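Trainee: Dropping a structure here in structure tokens format, bear with me for questions.
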Amino acid sequence: MSYLVDKLPYDPQNPEAIYSYAKKLEGSKFRDACSWVISEESTGYGGNKGHLGQYLEKNYFLYELNSDQNPDFKEAGVELKVTPLKKLKNGHLGSKERIVLNIINYMEVVKEDWNTSSFLHKNSLLLLIFYLFESDKDRLDYLIKFVTLWEYCSVDLEIIRQDWERIVAKIRDGHAHELSEGDSLYLGACTKGITSASSLRDQPHSTIKAKQRAFCLKQKYVNYIISSTIAAEMPTKGIQNTLDVEPFIKDISELKGARSFEEIILDRLSIYSGQTVDEIHELVGGELNNDAKGYYASLALRMLGLKKSKIEEFEKGNVDVKIIRLNQNATPKESMSFPYFKYKEIVEEKWDNSTLLNTIDKKFFFVIYQEDEFGILWFKKGMFWTIPSDDLKKVERVWKETVSRIISGRAADLPRISDSEVCHVRPHARNKEDTCETPDGQQLIKKSFWLNAKYLNEQVANYN
DNA sequence: GCATGATCATGC
DNA sequence: GCATGATCATGC
Numbered sequence: 117m118s119y120l121v122d123k124l125p126y127d128p129q130n131p132e133a134i135y136s137y138a139k140k141l142e143g144s145k146f147r148d149a150c151s152w153v154i155s156e157e158s159t160g161y162g163g164n165k166g167h168l169g170q171y172l173e174k175n176y177f178l179y180e181l182n183s184d185q186n187p188d189f190k191e192a193g194v195e196l197k198v199t200p201l202k203k204l205k206n207g208h209l210g211s212k213e214r215i216v217l218n219i220i221n222y223m224e225v226v227k228e229d230w231n232t233s234s235f236l237h238k239n240s241l242l243l244l245i246f247y248l249f250e251s252d253k254d255r256l257d258y259l260i261k262f263v264t265l266w267e268y269c270s271v272d273l274e275i276i277r278q279d280w281e282r283i284v285a286k287i288r289d290g291h292a293h294e295l296s297e298g299d300s301l302y303l304g305a306c307t308k309g310i311t312s313a314s315s316l317r318d319q320p321h322s323t324i325k326a327k328q329r330a331f332c333l334k335q336k337y338v339n340y341i342i343s344s345t346i347a348a349e350m351p352t353k354g355i356q357n358t359l360d361v362e363p364f365i366k367d368i369s370e371l372k373g374a375r376s377f378e379e380i381i382l383d384r385l386s387i388y389s390g391q392t393v394d395e396i397h398e399l400v401g402g403e404l405n406n407d408a409k410g411y412y413a414s415l416a417l418r419m420l421g422l423k424k425s426k427i428e429e430f431e432k433g434n435v436d437v438k439i440i441r442l443n444q445n446a447t448p449k450e451s452m453s454f455p456y457f458k459y460k461e462i463v464e465e466k467w468d469n470s471t472l473l474n475t476i477d478k479k480f481f482f483v484i485y486q487e488d489e490f491g492i493l494w495f496k497k498g499m500f501w502t503i504p505s506d507d508l509k510k511v512e513r514v515w516k517e518t519v520s521r522i523i524s525g526r527a528a529d530l531p532r533i534s535d536s537e538v539c540h541v542r543p544h545a546r547n548k549e550d551t552c553e554t555p556d557g558q559q560l561i562k563k564s565f566w567l568n569a570k571y572l573n574e575q576v577a578n579y580n
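Numbers given in this note's numbering equal positions in the first sequence, counted from 1, plus 116.
Dropping the structure here:
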């Protein structure tokens, strides 16, 4: 790397020294943090999206940008990421987005192995600079809230290794065009750059072109970084508290060997397969209230050996737990609902960034119970599920049709279950009076997208 | 039996 | 008070 001054105000070979220097940014606006270093006209700030990182590199850390295989601070092995926070509904601060790491070179990554991977080389030690995003402000007026030097704990790094292996295996199998963030737990493969045909990339072992993707830390994982490191350091600064979670993996040794995190979960559950809910309750239910709505979800957590209400790995990996009840013919009784949408908001969205895409294109954990001919309920299995990319395209069609009908004043007549084999739209409200306004000013009952019961049936039946 | 509409119960 | 996950109810 080349420096912009003769003598840097920090030692670029020492991670702790870089961290200490970066730490002084806390509480400053970007503009103020750098004004004493370099004159206004040479700030290199063009007002473009995503350039705040480059701005700090040039004007605060005083070195020239590079985008090679090496970490930003090459000698220290430190990669710099400048990343936004947003105010959550509960008033706390959380991550605004995932952290995007290096771009996946499909042709090259398949030749790598984990220990010598370009990913690990570049992203083992992250200098994270969190600032508060505020849509109404000039970017240089954003406030830098806090800085941390992030290194993965051993269990997380092992899960990230498994994620990496799974992503690379899919590319080796010629399925780079079917990658999804839901394939993996903490480390995702997110789309990067424009998604038009011109940005499609070649992949090995298939002639189908694939969207450009990058490794990323999922948004939920970034929230975990925030709550675990920074809340402890600065409990009074409005950072969300540590979640009420419990890790499923208690010790790294459980993850060694050939089994993945998912396989370990499924194995643990499999010993209860075929037992009735009452029998399982005897074994692990304790004081659980079997009238409660969340009873079947709670029971599943007990089968997994957990006492608290949330699995830490699921929280960090954005895994959504859903209960599916089958009738005696092993068919799901009900379609599966997602949160309702607001008519006036959904029409402003683009599919690639839509709430529905974020809600559905992720990893699910289905806990499946089945009824017998006497109406007795028994536990069948657990199952991880991510929507296949072809089916996601069908969801996209339904979503676009929904938006176009709302725009043209037909919000009362949205896609029905017979219009798509994957999903449909129907009411999702507390009662008839629970309405929301359409763009043309009507009050209509709240509605949401649902996965068709029949479609769920196929997905559950085809799963091994 | 299924599509569709409607609402319950919990928890934040 | 409301969002959310889950399930009930009706009628074709």
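Glycine included, every Cβ here is placed at the ideal spot set by N, Cα and C.
Just so you know, these numbers come straight off a predicted model, no measurement behind them.
Name, in chain order, the residues that DSSP records as bridge partners for D436.
Mentor: Walking along the first sequence from the start, residue 436 turns up at place 320. DSSP, once it has assigned bridges, lists F480 as partnering D436.
Trainee: Is it true that the CB of I396 sits closer than 8 angstroms to the CB of F495?
Mentor: Looking up residue 495 in the first sequence gives position 379. Looking up residue 396 in the first sequence gives position 280. Yes, the Cβ-Cβ distance between F495 and I396 is below 8 angstroms.
Trainee: In the DSSP output, which residue or residues are listed as bridge partners for P543?
Mentor: Taking the first sequence and counting its residues from 1, the one referred to as residue 543 is at position 427. Bridge partners of P543: K563.
Trainee: My output table needs one value for R576: the three-state DSSP class, helix, strand or coil.
Mentor: By one-based count along the first sequence, residue 576 stands at place 460. For the sequence presented, residue 576 should be read as Val rather than Arg. In the structure shown, V576 sits in a helix (DSSP, three-state: H, G or I).
Trainee: CA-CA distance, F364 and S425?
Mentor: The residue labelled residue 364 in the question sits at position 248 within the first sequence. The residue labelled residue 425 in the question sits at position 309 within the first sequence. About 12 angstroms.
Trainee: Is DSSP giving I396 helix, strand or coil here?
Mentor: Along the first sequence, read from residue 1 onward, the residue named residue 396 stands at position 280. Three-state DSSP puts I396 in a helix.
Trainee: My output table needs one value for N221: the three-state DSSP class, helix, strand or coil.
Mentor: Against the first sequence, residue 221 aligns to sequence position 105. Three-state DSSP puts N221 in coil, outside helix and strand.
Trainee: Is the region 455-472 touching the region 509-527 in the sense that three or more CB pairs, one from each, lie closer than 8 angstroms?
Mentor: Enough Cβ pairs lie closer than 8 angstroms, so yes.
Trainee: Does Q278 come out as helix, strand or coil in the three-state DSSP assignment?
Mentor: Counted from its first residue, the first sequence places residue 278 at position 162. Q278: helix per DSSP, three-state reduction.
Trainee: Roughly how far, in whole angstroms, is the beta-carbon of W515 from the beta-carbon of L472, given that I think they are within contact range, below 8 angstroms?
Mentor: For the purposes of this step, residue 515 is identified with residue 399 of the first sequence, where counting begins at 1. For the purposes of this step, residue 472 is identified with residue 356 of the first sequence, where counting begins at 1. Indeed, because the Cβ distance is near 5 angstroms, the residues count as touching under 8 angstroms.
Trainee: Which same chain residues end up closer than 7 angstroms to E553 when comparing Cβ atoms and leaving out the 5 residues on each side of it in sequence?
Mentor: Residue 553 sits at position 437 when you count from the first residue of the first sequence. Answer for E553: Y459, K460 and Q559, listed in chain order.
Trainee: Which partner residues of S536 appear in the DSSP bridge assignment?
Mentor: Along the first sequence, one-based indexing puts residue 536 at 420. According to DSSP, S536 bridges with nothing at all.
Trainee: Quick one: Cα of D468 to Cα of Q391, how far?
Mentor: Counted from its first residue, the first sequence places residue 468 at position 352. Counted from its first residue, the first sequence places residue 391 at position 275. Cα to Cα, the separation comes out at about 43 angstroms.
Trainee: Is the beta carbon of K212 closer than 8 angstroms to that of L201?
Mentor: Position 85 of the first sequence, counted from the start, is the residue given in the question as residue 201. Position 96 of the first sequence, counted from the start, is the residue given in the question as residue 212. Yes, the Cβ-Cβ distance between L201 and K212 is below 8 angstroms.
Trainee: Just grab the DSSP bridge partners of T307 for me.
Mentor: Here residue 307 is taken as the residue at index 191 of the first sequence, counted from 1. T307 is bridged to R329.
Trainee: Going by DSSP, name the residue or residues bridged to P448.
Mentor: For the purposes of this step, residue 448 is identified with residue 332 of the first sequence, where counting begins at 1. Partner(s): L442.
Trainee: Given a cut-off of 8 angstroms on the beta-carbon distance, is the pair V483 and V511 in contact?
Mentor: Counting from one through the first sequence, the residue named residue 483 turns up at place 367. Counting from one through the first sequence, the residue named residue 511 turns up at place 395. Contact flag unset, no.
Trainee: Rounding to the nearest angstrom, what Cα-Cα distance links L316 and G401 in this structure?
Mentor: Locating residue 316 in the first sequence gives position 200, counting from the first residue. Locating residue 401 in the first sequence gives position 285, counting from the first residue. Between L316 and G401, the C-alpha separation is close to 51 angstroms.
Trainee: Quick one: residues in its chain with C-beta nearer than 6 angstroms to the C-beta of N573, no 5 flanking neighbours on either side, listed in chain order?
Mentor: Start at 1 with the first residue of the first sequence, and residue 573 comes out as number 457. These residues qualify, in order along the chain: T447 and P448.
Trainee: What residue from M499, I476 and D367 has the CA that sits closest to D383's CA?
Mentor: Your numbering for residue 383 matches position 267 in the first sequence. When each option's Cα is compared against that of D383, the closest is M499.
Trainee: Just how far apart, CA to CA, sit E379 and D229?
Mentor: The residue you call residue 379 lines up with position 263 of the first sequence. The residue you call residue 229 lines up with position 113 of the first sequence. Each residue's Cα considered, the two are about 22 angstroms apart.
Trainee: Looking at C-alpha atoms only, which residue of E431, M419 and F146 is the closest neighbour of Y302?
Mentor: Reading the first sequence from its first residue, position 186 is the one you call residue 302. Measuring from the Cα of Y302, the nearest candidate turns out to be E431.
Trainee: Could you tell me which of A527, L333 and D279 sits nearest to S375, measuring between CA atoms?
Mentor: Counting from one through the first sequence, the residue named residue 375 turns up at place 259. For clarity, residue 375 is Arg in the given sequence; the question names Ser instead. The shortest Cα separation from R375 among A527, L333 and D279 belongs to D279.
Trainee: Is the beta carbon of F146 less than 8 angstroms from the beta carbon of L256?
Mentor: In the first sequence, counting from the first residue as 1, residue 146 sits at position 30. In the first sequence, counting from the first residue as 1, residue 256 sits at position 140. Yes. Within cutoff.
Trainee: Considering F235, what are the terminal residues of the alpha helix (DSSP H) in which it resides?
Mentor: What you label residue 235 is simply residue 119 of the first sequence in a count that begins at 1. Unbroken alpha helix (DSSP H) run through F235: S234 to N239.
Trainee: What residues are listed by DSSP as bridge partners for C552?
Mentor: Reading the first sequence from its first residue, position 436 is the one you call residue 552. L560.
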